[in-house]
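Working notes, structure below.
In the working numbering, the protein residues as written are 1 to 229.
Structure representation (structure tokens):
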């Protein structure tokens, strides 16, 4: 095998692997309708792999030309710290909650996957990508079923669209010792109504969800209260 062909394989395989692994993780984020999806993760992973290759090439070049001992980790370190600005762009505030932290973390880790692929650590890059995918899919389902489900509830309240209804409903929820985590509003089922979805956490063991629903139904103007799965 010629030297040129060997160089081609060694330089292109890491980039191709980075594109594949980044694409797998990005596809999961894309299907979850996250702000950073398939293309973003592929670009970050390939860019990190390329930066790692450039870093290693510069190190070898410095030794060949007698420039002293270079540091092949300097460029890689800048990738790890610099990816933060992109991750910050995926974090959004919706009402009282913060979204995008998991996607920001996935971008940071996928940059590390790219660095590993660029350095020729193919097995490590693959294992890290698989662990990311398991975390984003399997653990997300575990969290939804066994952690969040036991503490958080979404209640859709259909109420007449008049002034002060939101504050009145929030007061009732507060008197029931429940914490409001988020609030969403949209048009109601009939003209002149609005549907307010409260994301609440029950904190008093003596007050159940059914008790809270009964209290909300007793509020003037409330037409229905439905728990959203």
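Even glycine gets a Cβ: it sits at the ideal position worked out from N, Cα and C. As the structure is a computational prediction, the values presented were derived from the model and not from experiment.
- By the neighbour-count definition (other C-beta atoms within 10 Å, threshold 16), residue 131 is an exposed residue.
- When the beta-carbon positions are compared, residue 118 and residue 51 come within less than 8 angstroms of each other.
- For residue 162, the secondary structure class from DSSP, reduced to helix, strand or coil, is coil.
- Following the DSSP letters along the chain, one finds residue 206 in no beta strand (DSSP E), marked with neither H nor E.
- Here residue 224 carries a strand assignment [DSSP, helix/strand/coil].
- Collapsing the DSSP output to three states places residue 176 in coil.
- Within the DSSP secondary-structure output, residue 194 pairs in a beta bridge with 159, 187.
- Between the C-alpha atoms of residue 225 and residue 212 there is a straight-line separation of about 10 angstroms.
- Pairing residue 158 with residue 223 gives a Cβ-Cβ distance under 8 angstroms.
- Counting only the Cα atoms, residue 206 lies some 15 angstroms from residue 179.
- The beta carbon of residue 177 sits closer than 7 angstroms to the beta carbons of 203, 204, 207 from its chain, once the five residues preceding and following it are set aside; these are given in chain order.
- Proximity of the segment 102 to 118 to the segment 73 to 90 meets the contact definition, three or more beta-carbon pairs being nearer than 8 angstroms.
- For residue 79, the enclosing alpha helix (DSSP H) begins and ends at 74 to 82.
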